[in-house]
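Residue numbers (the numbering used here): 15 to 150.
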């Protein structure tokens with residue numbers, strides 16, 4: 015037995031029709047159990063609702079669509095709130111090349127491989143403190 019409803023045993027009819035909070039929702043949607051199928055199966059009732067109340071079905075679809083629209087708007091608002099928060103600033107300084115101290119060398123090395131031609135290439139650039147450089 016359901017503790018909140020003393021009429022029927024917990025059946026699909028009870029869940030979809032007899033439970034007080036569910037019955038309240040049906041009333042708000044203007045759904046009623048017709049007398050001729052009130053004691054019929056749940057399938058008979060659903061068939062009756064779908065065939066008779068197409069506008070009601072549309073209302074349910076509208077409710078679902080509206081719910082999704084509200085969820086999208088709320089998500090967008092949360093996203094905008096995050097964007098408007100102050101974000102940490104990362105400062106990037108421009109660094110210009112400076113000559114090296116005497117007796118130091120700066121060596122840059124790079125390589126590439128072209129898979130289609132199966133060719134590779136390497137390069138080395140060496141600079142000294144006097145801005146002389148060698149490349150290979």
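Just so you know, even glycine gets a beta-carbon here, dropped at the ideal spot from N, CA and C.
Nearest-angstrom Cβ-Cβ length linking residue i and residue j, presumed shorter than 8 angstroms
i: residue 141; j: residue 120; result: 5 angstroms
i: residue 115; j: residue 143; result: 6 angstroms
Contact under 8 angstroms by Cβ, residue i with residue j
i: residue 138; j: residue 118; result: no
Length of the line joining the Cα atoms of residue i and residue j
i: residue 6; j: residue 62; result: Any question about residue 6 goes unanswered here, given that the chain covers just 15 to 150.
i: residue 57; j: residue 65; result: 12 angstroms
i: residue 106; j: residue 133; result: 37 angstroms
i: residue 94; j: residue 80; result: 21 angstroms
i: residue 130; j: residue 104; result: 40 angstroms
i: residue 19; j: residue 96; result: The predicted model places residue 19 with a pLDDT of 49, which falls under 50 and marks its position as unreliable; any figure quoted below should be read in that light. Whole-angstrom Cα-Cα distance: 46 angstroms.
i: residue 85; j: residue 54; result: 37 angstroms
i: residue 74; j: residue 100; result: 42 angstroms
i: residue 135; j: residue 128; result: 9 angstroms
i: residue 83; j: residue 77; result: 10 angstroms
i: residue 59; j: residue 87; result: 36 angstroms
i: residue 90; j: residue 50; result: 48 angstroms
i: residue 43; j: residue 36; result: 11 angstroms
i: residue 153; j: residue 92; result: Residue 153 lies beyond the residue range present for the chain, which begins at 15 and ends at 150; the question has no answer from this structure.
i: residue 41; j: residue 102; result: 53 angstroms
Which ranges would you report for the beta strand (DSSP E) in the segment 67 to 138 if only whole runs of at least 3 residues count?
-> Within the segment 67 to 138, the complete beta strand (DSSP E) segments at least 3 residues long are 120 to 128, listed from N- to C-terminus.
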